[in-house]
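Just so you know, the sequences run in chain order A and B.
Just so we're aligned, residue 205 is where the first sequence starts under my numbering, counting upward by one.
Just so we're aligned, residue 211 is where the second sequence starts under my numbering, counting upward by one.
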Amino acid sequence: MTYAQTIWGMYVRWTTAWPALSAFAPFVPLIALWGFVVWLEIFPRVFLPGPFEVLQTSWSLLYKGILPAYLGDSLVRLAVGAAAGMALAIPLGIFIGLNQRAHDATWPVLLFFQAIGDIAWLPILLVWFGFGLTTMTFVIVYTVMFPVILNTVLGIRSARPELERAAQSLGASRTRILFEVTLPGALPNIITGLRNGLGYGWRALIAAEIIVGTSGIGFLMFDARRAGSVDEIVVGMIVLGILWYIVDSWILAPIERATGERWGLVTT
Amino acid sequence: MAERVAFSPVPYPRLRRTVKFMLPLMGLVVIWQLVVVIFDVNPRIFPDVPTVLRAGWGTIADGSLFSHVTASLWRVTVGTVLAILLAVPLGILMGVSRGVSSFLSPLFRFFSVLAGIAWIPIATLWFGYGFGAITFVIFNAVFFVVTYNTLLGVSTIPMPIRHAAASLGTSRWQLLKEVLVPGALPNIVTGIRTGMGFAWRGLIAAEMIATNTGLGYMLFLARDFYRTEVIVFAMIVIGIIWLVLDRLLLAPLERATVERWGMVQRS
Chain A
205 MTYAQTIWGM YVRWTTAWPA LSAFAPFVPL IALWGFVVWL EIFPRVFLPG PFEVLQTSWS
265 LLYKGILPAY LGDSLVRLAV GAAAGMALAI PLGIFIGLNQ RAHDATWPVL LFFQAIGDIA
325 WLPILLVWFG FGLTTMTFVI VYTVMFPVIL NTVLGIRSAR PELERAAQSL GASRTRILFE
385 VTLPGALPNI ITGLRNGLGY GWRALIAAEI IVGTSGIGFL MFDARRAGSV DEIVVGMIVL
445 GILWYIVDSW ILAPIERATG ERWGLVTT
Chain B
211 MAERVAFSPV PYPRLRRTVK FMLPLMGLVV IWQLVVVIFD VNPRIFPDVP TVLRAGWGTI
271 ADGSLFSHVT ASLWRVTVGT VLAILLAVPL GILMGVSRGV SSFLSPLFRF FSVLAGIAWI
331 PIATLWFGYG FGAITFVIFN AVFFVVTYNT LLGVSTIPMP IRHAAASLGT SRWQLLKEVL
391 VPGALPNIVT GIRTGMGFAW RGLIAAEMIA TNTGLGYMLF LARDFYRTEV IVFAMIVIGI
451 IWLVLDRLLL APLERATVER WGMVQRS
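Pasting the structure below:
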């Protein structure tokens, strides 16, 4: 018990000194446990590889240049798709949010298309565009678009009328009200939508790569599955997890928090 | 008419709302048909409305739609229920202690980020192609997201509330029942909704890859024979099921719990 307390004390002291450490420390016992389970050989090695094998495989994948190339492919697809999706979704969302008639006419349709879900489009996209980049880009753009549109509309519509009236009575023009009152008010929602959209888009990308499969991390994993090399699957999963963890918690979440603090309408 | 006490300025508000919701969708169907007829679209590329309806009726008549839908829904139900039953107690248990929850939350965050589709390759390896692998993927998508959200919910209950309950002499069990669970409930329900969103997409993807029944398989099988009318019909079915599940079940549940138990932070 005293050992545990000592270790815990060290953990607490170090994490207060370097807060970044607390993001990594919990993985140490997990990996140790994983190694221990593998060492006990409860599961056959072909089902559950050990940490060292995975490390070896990832090193060899890195060394051969497969991992960086596939990772680059996945990231470029995601970035292109997300950028295109946002460029389409934000203006559309602003338009629908500002126009009551457009809202009435399109809102159920938007909800329905959001509900169909990205992956259900894959078969018909394969018929239309074949196995290729167009299919994957389409899926990602589609996935990113709908959460962003829906959240933008929500954000614009939840803008407080009294703020708009205040701006109006101070003599602001409609464009100024849009850019200085409505849009900043909607920004936290837009960012939330973006975060959701990217989360879904990321998963859609993996599914698309598994099914369409020419390159990318999803393809790497499924190709490994076909060859039965479980360590490559695990490498793929870890890479995916780390990557998205970084993107989500070091880039998207701080932006969301910052916009929430800066422009969020905190009602007291 | 005498028993109609509650007067509302708009008669039949529920009906009106439904009609208002359905009208744009009907419009979409009309536009779809018009576009196909006017531009003379190849039915291999995109079928017209009657063809899709006929194909849909065909799958209903031979019972294949029913078996696919029940297979998919059964997997979702089993995976989700198992995941919730495990995730909520675990999340509460870990959330009670602040040290434990702050230590473990990066772990669960990592796995909830990975949830769903990324597990398909290894799930098919572990469980083979079929029910096991798909249910595992769903379980996974729901489990980590719900655990993480429960953990978050319990650990963000303001300490003064817990101290107040303790100083009023609650037992541990009462504290759990009266403070921790209700306080975390909004987060739990949000977690379930998010998790099921991922799970539903994961289900479709997994069914395309790893089985021989279910909606995803129906889609992919139709693709093999270039039967776009079946593909479009299955997409519509998927859309309707998720819309009903999300809007009529999960969203009202979320709203109700947030209204009832949500702690609106006042600063």
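For each residue, glycine too, the CB sits at the ideal point set by N, CA and C.
All figures in this text were calculated on a predicted structure; none of them were measured in a lab.
Item, Value
"Taking residue 426/A as part of the alpha helix (DSSP H), name the residues at either end of that continuous run.", "421-431"
"If I measure Cβ to Cβ from residue 275/A and keep anything under 7 Å in the same chain, skipping five residues before and after, which residues do I get?", "421, 443"
"Residue 321/A versus chain B: which residues are under 8 Å apart at the beta carbon?", "410, 411, 414, 448, 449, 452"
"In the DSSP assignment, the alpha helix (DSSP H) including residue 219/A goes from what residue to what residue?", "206-221"
"Residue 349/B to residue 289/B, Cα distance in whole Å?", "4 Å"
"Taking just the CA atoms, how far does residue 438/B sit from residue 253/B?", "8 Å"
"Give the interface partners of residue 339/B over in chain A, defined as CB-CB distance under 7 Å, in chain order.", "Simply none; closest approach about 11 Å."
"CB residue 475/A to CB residue 281/A, shorter than 7 Å?", "Only positions 205 to 472 of chain A appear in this structure, which leaves residue 475/A out of reach."
"Any idea what DSSP makes of residue 363/B, helix, strand or coil?", "helix"
"Any C-beta of chain B sitting closer than 7 Å to the C-beta of residue 445/A?", "yes"
"Could you check whether the stretch 275-293 of chain B touches the stretch 358-366 of chain A, counting it as contact only if at least three pairs of C-beta atoms, one from each stretch, sit closer than 8 Å?", "no"
"Pull up the distance between the alpha-carbon of residue 222/B and that of residue 454/B, whole angstroms please.", "21 Å"
"So, is the C-beta of residue 211/B closer than 7 Å to a C-beta in chain A?", "Residue confidence for residue 211/B is low, a pLDDT of 44 falling below 50, so the modelled location carries little weight; the figure read from the coordinates is stated next. False, the Cβ-Cβ gap to chain A never drops below 7 Å."
"Note down, in chain order, each residue of its chain lying with its Cβ closer than 6 Å to the Cβ of residue 297/A, except the 5 sequence neighbours on either side.", "353, 356, 357"
"Does any residue of chain B have a CB that is nearer than 7 Å to the CB of residue 479/A?", "Within the shown structure, residues of chain A are numbered from 205 to 472, placing residue 479/A beyond reach of any answer."
"Would the beta-carbon of residue 328/B fall within 7 Å of that of residue 334/B?", "no"
"Buried or exposed: where does residue 301/B fall if 16 or more other Cβ atoms within 10 Å of its Cβ makes it buried?", "buried"
"List, in chain order, every chain A residue whose beta-carbon is nearer than 7 Å to that of residue 436/B.", "331"
"Under 8 Å Cβ to Cβ from residue 215/A, same chain only, skipping five residues before and after it: list those, please.", "229"
"Using the rule of at least 16 other Cβ atoms within 10 Å of the residue's Cβ for burial, across every protein chain shown, is residue 252/A buried or exposed?", "buried"
"Listed in chain order, which residues of the stretch 300-312 of chain A have Cβ atoms closer than 9 Å to some Cβ of chain B?", "308, 309, 310, 311, 312"
"Cβ of residue 344/A less than 7 Å from any chain B Cβ?", "no"
"Determine which residues of the stretch 321-332 of chain B have a Cβ less than 8 Å from any Cβ of chain A, and write them out in chain order.", "321, 323, 324, 326, 327, 328, 329, 330, 331, 332"
"Would you mind sorting residue 342/A into buried or exposed? The rule is 16 or more other CB atoms within 10 Å of its CB.", "buried"
"Can you pull the chain B neighbours of residue 426/A, defined as C-beta to C-beta under 7 Å?", "331"
"Hey, is residue 445/B's beta-carbon within less than 7 Å of any beta-carbon in chain A?", "yes"
"For residue 456/A, count neighbouring Cβ atoms within 10 angstroms of its own Cβ and tell me buried if that reaches 16, exposed if not.", "buried"
"Quick one: complete beta strand (DSSP E) runs, 3+ long, within the stretch 264-300 of chain A?", "none"
"Start and end of the alpha helix (DSSP H) containing residue 266/B?", "259-271"
"Just the C-alpha distance for residue 360/A and residue 404/A, rounded to the nearest angstrom, thanks.", "22 Å"
"Measure from the alpha carbon of residue 279/B to the alpha carbon of each residue in 464/B, 460/B, 452/B, then state which is nearest.", "452/B"
"Just the Cα atoms here: how many angstroms apart are residue 474/B and residue 364/B?", "Note on residue 474/B: pLDDT 48, under 50, position unreliable in the model; the coordinate value appears next. Computed Cα separation, rounded: 15 Å."
"Between which two residues does the alpha helix (DSSP H) carrying residue 380/A extend?", "378-381"
"Look at the alpha carbon of residue 425/B and the alpha carbon of residue 231/B, and state the distance between them as a whole number of angstroms.", "25 Å"
"Given a threshold of 16 other Cβ atoms within 10 Å of its Cβ, counted over all protein chains shown, does residue 269/A qualify as buried or as exposed?", "exposed"
"Along chain B, which residues have their Cβ under 7 Å away from the Cβ of residue 234/A?", "317"
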